[in-house]
Amino acid sequence: MLSDWGAVFLFLAIGVVFGAGGIVTSFLFHPYRRTETKQEVYECGVDTVGPTWVQFKTGYFLYALLFVIFDVETIYLYPWAVKFQSLGLFAFIEMIIFIFILIVGLWYAWKEGALEWK
Amino acid sequence: MGENIFTGIASGLSGLLDGAGVPVLWNDVILMVVKLVAILVFILVNALWLVYMERKVAAYVQCRIGPNRVGPKGLLQTAADIGKLLSKEFTWNKYWDIVPYILAPVLIFVPPFMIYAVLPFGENMAAIDMNIGLFYFAAVASLTSIILWAGGWASNNKYSLVGAMRVVAQMVSYELPLVLALLGVVMLTGTLNMSEIVYAQENVWFIFTQPLAFLIYFVAGLAETNRTPFCLVEGESEIIAGPYTEYSGMGFAMFFLTEYASVMLISAMCTVAFLGGWLAPFGLTFIPSWLWFFLKMYVMIFIFMWVRWTYPRLRVDQLMGFGWKVLIPLCLANIFVTGVGMYIYRAIGW
Chain W
-18 MLSDWGAVFL
-8 FLAIGVVFGA
2 GGIVTSFLFH
12 PYRRTETKQE
22 VYECGVDTVG
32 PTWVQFKTGY
42 FLYALLFVIF
52 DVETIYLYPW
62 AVKFQSLGLF
72 AFIEMIIFIF
82 ILIVGLWYAW
92 KEGALEWK
Chain F
30 MGENIFTGIA
40 SGLSGLLDGA
50 GVPVLWNDVI
60 LMVVKLVAIL
70 VFILVNALWL
80 VYMERKVAAY
90 VQCRIGPNRV
100 GPKGLLQTAA
110 DIGKLLSKEF
120 TWNKYWDIVP
130 YILAPVLIFV
140 PPFMIYAVLP
150 FGENMAAIDM
160 NIGLFYFAAV
170 ASLTSIILWA
180 GGWASNNKYS
190 LVGAMRVVAQ
200 MVSYELPLVL
210 ALLGVVMLTG
220 TLNMSEIVYA
230 QENVWFIFTQ
240 PLAFLIYFVA
250 GLAETNRTPF
260 CLVEGESEII
270 AGPYTEYSGM
280 GFAMFFLTEY
290 ASVMLISAMC
300 TVAFLGGWLA
310 PFGLTFIPSW
320 LWFFLKMYVM
330 IFIFMWVRWT
340 YPRLRVDQLM
350 GFGWKVLIPL
360 CLANIFVTGV
370 GMYIYRAIGW
């Protein structure tokens, strides 16, 4: 028997082969004409100024940090939601408390301005 | 009529291989590869058609005619475009970080393709009837942002970098509402298996019992596929094409294909979770289940396109504010209301 994850692996492998195949096929068809200008960065038509890989705006990282917290919450919520109907009222109230703590966290981030785009 | 055509082909092929004395494992593998190729062809043909449909819908929304030169009514326009992209040079740039740059277009198609494996296209028509299908969807869908980020960063282009940063911020912010909206459905059904979720909607579709979740899912789905009004990622007038700026030829074509594959995927997931999947409404069972699934999926895709050509683009601060300050609190409220509602429902004892 082929297990579920074996089948998923097949999809993964064929997906990668398809992507690589598409790129390689285009290499067979397209022309190669390298010029000095063509190897420059495509921005506005003039030469690019300064390095690109620089320290970036921290606003993005604050969202990423918040995302990690809430994504972990979701991982806990899913098993609970599956068993919701058989777990009873106690588990429901516990989960309300759990979500409430996270809402307090969201409120704090909001108050401190982590959700503002500056 | 036609109801069992695909399942019939599968079991016929399996029986044939069994009769030829192929071991069980290889029988399964061969069958899975056949399903896989069928799904791949389904995606490619639909993506070709969707590009054409998008341009036609856009044209009619804007009182134009749209593509009508190549082939009858312009139907071969997309095929001609693919031919053109295939023959365009994959330009080489001396500033790239070459390994992630090449890997991004190779891998970008893999996450949506892997999710198609668990979609039930009709009764008993999921390639893998996975018991944690919905969770698998949430897990694999989030990989796309990493690949787009790799491509944008490796391009060593300032527009690409800004676009890639926006991709990560936007997809990360809207993934939470997307996943939390589906949680309401999971609470009602008590299962993560997609076929069982569809079966649970036999009496009433979840769009009626979970209308708020449906709306949140729809908005978050628009954002996850980077479509207008959330298309800041490739806002043409400001950052050229976002993370795709440096890509040419087939590299760009892979990103383009994936965009349409994702739109189809989000619509298909919406059909499964909220629109009753392949179940026939009003007892119209003479139309086969896979055709119902297909029709519902296309209705959702049409709404996606309609929205795209109706609304203007948002600003970054509006986008992030809307995701975190409106959608996520609404999602949590929806979970709470669903839970309380189910207890009231049980107490009344309907």
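Going down the list, the sequences are from chains W and F.
Going by this note's numbering, the first residue of the first sequence is number -18, and it counts up by one from there.
Going by this note's numbering, the first residue of the second sequence is number 30, and it counts up by one from there.
Ideal Cβ positions, reconstructed from N, Cα and C, are used throughout, including at glycine.
If you're wondering where the values come from, they're calculated on a predicted model, not measured in any experiment.
For residue i, is the classification buried or exposed, using 16 other Cβ atoms within 10 angstroms of its Cβ as the cut-off for buried?
i: F:P240; result: exposed
i: F:W319; result: buried
i: F:S40; result: exposed
i: F:V227; result: buried
i: F:Y89; result: exposed
i: F:Q106; result: buried
i: F:T367; result: buried
i: F:G232; result: Per the sequence shown, the amino acid found at residue 232 of chain F is Asn instead of Gly. With fewer than 16 other Cβ atoms within 10 Å, it is exposed.
i: F:W321; result: buried
i: F:L136; result: buried
i: W:W88; result: exposed
i: F:Y340; result: exposed
i: F:D57; result: buried
i: F:W353; result: buried
i: F:R256; result: buried
i: F:W307; result: buried
i: F:W182; result: buried
i: F:V292; result: buried
i: F:C260; result: buried
i: F:V128; result: exposed
i: F:F247; result: buried
i: F:S224; result: buried
i: F:F166; result: buried
Could you please give the first and the last residue of the uninterrupted alpha helix (DSSP H) stretch that includes residue i?
i: F:L209; result: K187 to T218
i: F:N75; result: V53 to V90
i: F:V93; result: It is Arg, not Val, that sits at residue 93 of chain F in the sequence shown. Where F:R93 is concerned, there is no enclosing alpha helix (DSSP H), given that its DSSP letter is neither H nor E.
i: F:Q347; result: V345 to G350
i: F:V248; result: P240 to E253
i: W:G40; result: G40 to V63
i: F:K325; result: S318 to R337
i: W:K92; result: L70 to K92
i: F:Q106; result: Q106 to L115
i: F:C299; result: G278 to A302
i: F:T173; result: L172 to A183
i: F:N363; result: I357 to I377
i: W:D28; result: Segment: none, W:D28 is in no alpha helix (DSSP H) and carries neither H nor E.
i: F:M223; result: M223 to Y228
i: W:A1; result: D(-15) to F10
i: F:M143; result: V139 to Y145
i: F:G48; result: I34 to G48
i: F:I127; result: I127 to L136
i: W:E17; result: That residue, W:E17, is in no alpha helix (DSSP H); it is neither H nor E in DSSP.
i: F:E267; result: E265 to I268
query: Is it true that the segment 198 to 215 of chain F meets the segment 77 to 96 of chain W, where meeting means three or more beta-carbon pairs spaced less than 8 Å apart?
result: These segments do not touch.
Contact list for the segment 19 to 32 of chain W against chain F, Cβ threshold 8 Å: K19, Q20, E21, V22, Y23, E24 and T29
field: Three CB pairs or more closer than 8 Å across the segment 170 to 179 of chain F and the segment 216 to 224 of chain F
entry: no
message: Taking 8 Å as the cut-off, does the segment 357 to 366 of chain F touch the segment 285 to 303 of chain F (at least 3 CB pairs, one atom from each stretch)?
response: no
field: Cβ-based contacts, 8 Å cut-off: residues of the segment 118 to 133 of chain F near chain W
entry: So the close ones are E118, F119, T120, W121, N122, K123, Y124 and I131.
- prompt: Is the segment -17 to -3 of chain W close to the segment 139 to 146 of chain F, with three or more CB pairs under 8 Å?
  reply: yes
field: chain F contacts made by the segment 61 to 73 of chain W, where a contact means CB separation under 8 Å
entry: A62, V63, K64, F65, Q66, S67, L70 and F73
query: If you pair each beta-carbon of the segment 153 to 166 of chain F with each one of the segment 90 to 97 of chain F, do three or more pairs fall below 8 Å?
result: no
- request: Can you give me, in chain order, the residues of the segment 343 to 374 of chain F that have a beta carbon less than 8 Å from any beta carbon in chain W?
  value: For chain W, the residues of the segment 343 to 374 of chain F that bring a beta carbon within less than 8 Å of one of its beta carbons are V345, D346, M349, G350, W353, K354, I357, P358, L361, I364, F365, G368, M371 and Y372, in chain order.
query: On the three-pair Cβ rule with 8 Å, is the segment 106 to 118 of chain F touching the segment 80 to 88 of chain F?
result: The segment 106 to 118 of chain F, when compared against the segment 80 to 88 of chain F, does touch it at the 8 Å Cβ threshold.
task: Would you check if there are 3 or more beta carbon pairs closer than 8 Å linking the segment 116 to 135 of chain F to the segment -4 to 16 of chain W?
output: yes
- prompt: Taking three-plus beta-carbon pairs below 8 Å as touching, is the segment 61 to 78 of chain W in contact with the segment 42 to 52 of chain F?
  reply: Because the criterion of three Cβ pairs below 8 Å is not met, the segment 61 to 78 of chain W and the segment 42 to 52 of chain F do not touch.
task: Residues of the segment -10 to 6 of chain W with a CB closer than 8 Å to any CB of chain F: list them in chain order, please.
output: Listed in sequence order: L(-9), F(-8), L(-7), I(-5), G(-4), V(-3), F(-1), G0, A1, G3, I4 and T6.
query: Using a beta-carbon distance cut-off of less than 7 Å, what residues from the segment 198 to 225 of chain F approach chain W?
result: A198, V201, S202, L205, V208, L209, L212, V215, M216, G219, T220 and L221
query: Three or more beta-carbon pairs under 8 Å between the segment 321 to 331 of chain F and the segment 300 to 313 of chain F, yes or no?
result: yes
query: With a cut-off of 8 Å, do at least 3 Cβ pairs link the segment 201 to 215 of chain F to the segment 175 to 186 of chain F?
result: no
query: Name the residues in the segment 157 to 190 of chain F whose C-beta lies less than 7 Å from a C-beta of chain W; which are they?
result: I157, M159, F164, N185, N186, K187, Y188 and L190
field: chain W contacts from the segment 270 to 293 of chain F (Cβ-Cβ distance under 8 Å)
entry: T274, E275, G278, M279, G280, A282 and M283
query: At a Cβ cut of 7 Å, what residues of the segment 34 to 61 of chain F count as close to chain W, listed as they run along the chain?
result: V53, L54, D57, V58 and M61
field: Members of the segment 296 to 326 of chain F that neighbour chain W once the beta carbon cut-off is set at 9 Å
entry: So nothing in the stretch comes that close.
query: Of the residues that make up the segment 41 to 55 of chain W, which ones have a beta carbon closer than 8 Å to any beta carbon in chain F?
result: Y41, Y44, A45, L47, F48, F51, D52 and T55
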